[in-house]
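Novice: Sending over a structure as structure tokens; questions will come in a sec.
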Amino acid sequence: MNTTEEPLAIALYSELFMVDQLARAMLAKALPKGMELSHFSVLNHLARSNEERSPAQLARLFHVTRGAMTNTLGKLEAAGHVHIRPDWDDARRKFVAISPSGRSARDAALQSVAPLLGRTVQEVGADRVRSALPIIREMRMELELNQE
9 MNTTEEPLAI ALYSELFMVD QLARAMLAKA LPKGMELSHF SVLNHLARSN EERSPAQLAR
69 LFHVTRGAMT NTLGKLEAAG HVHIRPDWDD ARRKFVAISP SGRSARDAAL QSVAPLLGRT
129 VQEVGADRVR SALPIIREMR MELELNQE
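Okay, so the sequence shown: first residue is 9 according to this note's numbering, each after it adds one.
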């Protein structure tokens, strides 16, 4: 990177970090009592994919340690929001699926955060957000490649 691109990169990532911080704070306040952002994220992923995942797959997907994912899954299982079962072919592995209770909890959380997210898109402008998404997605994919 040449020196003229450095201030641009710093400004870009400063804005991304601040948006991330503000969005997380806004969502954390809006989520139903007792639900953490990590819980919502896992439930939302499982509900959208409608497939079982291993804890290791979820940890990789969310870029957290296996220990952190195990902690999140333990809380979700205790709340009855996920089912964790052994892999019938390899007893060392487990699989996680969303439960009906988890789907209901995710839907309730989505109802509480959707208006806030929608308001932000409305204020910025749907067309502008739509045009920014491919760039942000490409940046995410580039960063994911650099993680491996």
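From the three backbone atoms N, C-alpha and C, an ideal C-beta is built for every residue, glycine too. Remember, it's a predicted structure, so these values are computed and weren't measured experimentally.
1. In the DSSP assignment, find the unbroken beta strand (DSSP E) run with ALA105 in it and report its ends.
2. Would you say SER62 and PHE103 are within 7 Å of each other, going by their C-beta atoms?
3. Whole angstroms is fine: what's the gap from VAL121's alpha carbon to LYS41's?
4. Flag LEU69 as yes if its beta-carbon sits less than 7 Å from any beta-carbon of chain D, otherwise no.
5. If you draw a straight line from the C-alpha of ASP135 to the C-alpha of ALA36, how long is it?
6. GLY75: buried (16+ other C-beta within 10 angstroms of its C-beta) or exposed?
7. For ARG32, report the span of its alpha helix (DSSP H) as first-last.
8. Determine, using beta-carbon pairs with one atom in the region 137-149 and one in the region 85-104, whether at least three such pairs fall under 8 Å.
9. Could you check if ARG114 is buried or exposed, using at least 16 other CB atoms within 10 Å of its CB as the buried criterion?
Specialist: Reading it off the structure:
1. Unbroken beta strand (DSSP E) run through ALA105: 102-106.
2. Taking 7 Å as the Cβ cut-off, SER62 and PHE103 qualify as a contacting pair.
3. Cα-Cα distance, rounded: 13 Å.
4. Although the question refers to chain D, the structure presented lacks it and comprises just one protein chain.
5. Each residue's alpha carbon lies about 27 Å from the other.
6. Classification of GLY75: exposed, given that the 10 Å Cβ count is below 16.
7. In the DSSP assignment, ARG32 falls within the alpha helix (DSSP H) that extends over 14-38.
8. No, the region 137-149 does not touch the region 85-104.
9. Burial call: buried.
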